[in-house]
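Note that UniProt numbering gives residue 80 to position 80 of the sequence shown, counting from 1, and the numbers run on in steps of one. Below: one structure, written as structure tokens.
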Amino acid sequence: MKPQTGEKLYIYMSTSEEAVSAVLVRAEGKEHQPIYYANKVLQGAESKYPPIEKLTLALIMAARKLCPYFQSHQVTILTNQRLKHIIASPNASERMTKWAVELSEHGIEFELRPAIKAQVLADFILEVTRKENSTHSREWEMFVNGSSTSSRSGVGIVIKSPETNYMEYAITLEFPASNNEAE
């Protein structure tokens with residue numbers, strides 16, 4: 001749902017060991033309606049950031065991906081962390097100080113998260129975002145092989161489940177086919 005120009009928008013964020021996510025919402029009465037979400041799989045050193053830096057990274061990622069919203073609306077971050085004070089702290093790390101300068105361009109407000117509301121959506125997005133090289137793959141894999149002779153054509157399919165169960169299928173084609181890509 002597209003927000004009206006100048007309408008106040010809110011961001012809920014969530015972090016895990018593997019990813020960060022943010023959900024941009026608009027208030028409609030007492031309910032928050034999602035507008036956009038953004039997520040990022042953490043790479044290399046990012047996965048070793050302390051939790052508060054991961055939360056700040058989620059905000060930076062949202063500010064970069066959703067820049068037009070940040071420029072045309074007042075954006076309020078709803079969090080149960082003291083993010084505003086930590087970002088502005090003179091004892092903050094160099095990375096946090098750099099991010100604080102970048103975020104200061106947007107005039108972001110911070111409020112203590114009053115209730116869960118759209119936080120559930122941010123948590124869900126985080127849950128389904130995972131590393132591509134995760135050792136706990138839940139993806140199915142499919143392998144296809146074709147064959148043709150002067151009299152027949154067929155296709156072989158092998159499907160591998162996340163639990164490493166294999167299902168093999170052989171299909172005879174009832175029409176002429178060729179292995180020659182030029183034909």
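Cβ coordinates follow ideal geometry from the N, Cα and C atoms, glycine included. Everything numeric in this text was worked out from a predicted model, so none of it was measured.
Problem set entry | Continuous beta strand (DSSP E) stretch holding Tyr-12: start and end | 9 to 15
Problem set entry | Extent of the continuous alpha helix (DSSP H) to which His-85 belongs | 83 to 88
For this session: For Phe-143, count neighbouring C-beta atoms within 10 Å of its own C-beta (all shown protein chains included) and say buried if the count is 16 or more, exposed if not.
Result: exposed
Exercise. Any idea which residues DSSP pairs Gly-156 with across the strands?
Worked result: Asn-145, Ala-170
Exercise. What first and last residue would you give for the alpha helix (DSSP H) that runs through Leu-57?
Worked result: 51 to 65
Problem set entry | Cβ neighbour criterion (16 or more within 10 Å) applied to Ile-171 | exposed
For this session: Can you tell me which of Thr-5, Arg-113, Ala-100 puts its alpha carbon nearest to the alpha carbon of Ile-86?
Result: Ala-100
Exercise. Measuring CB to CB, does residue 193 end up less than 8 Å from Leu-57?
Worked result: Because residue 193 is not part of the residues shown, which for the chain are 1 to 183, the question remains open.
Exercise. Should Ser-104 go down as buried or exposed, given a rule of 16 or more other Cβ atoms within 10 Å for buried?
Worked result: exposed
Exercise. Applying the criterion that 16 or more other CB atoms from any shown protein chain within 10 Å of the CB defines a buried residue, is Leu-173 buried or exposed?
Worked result: exposed
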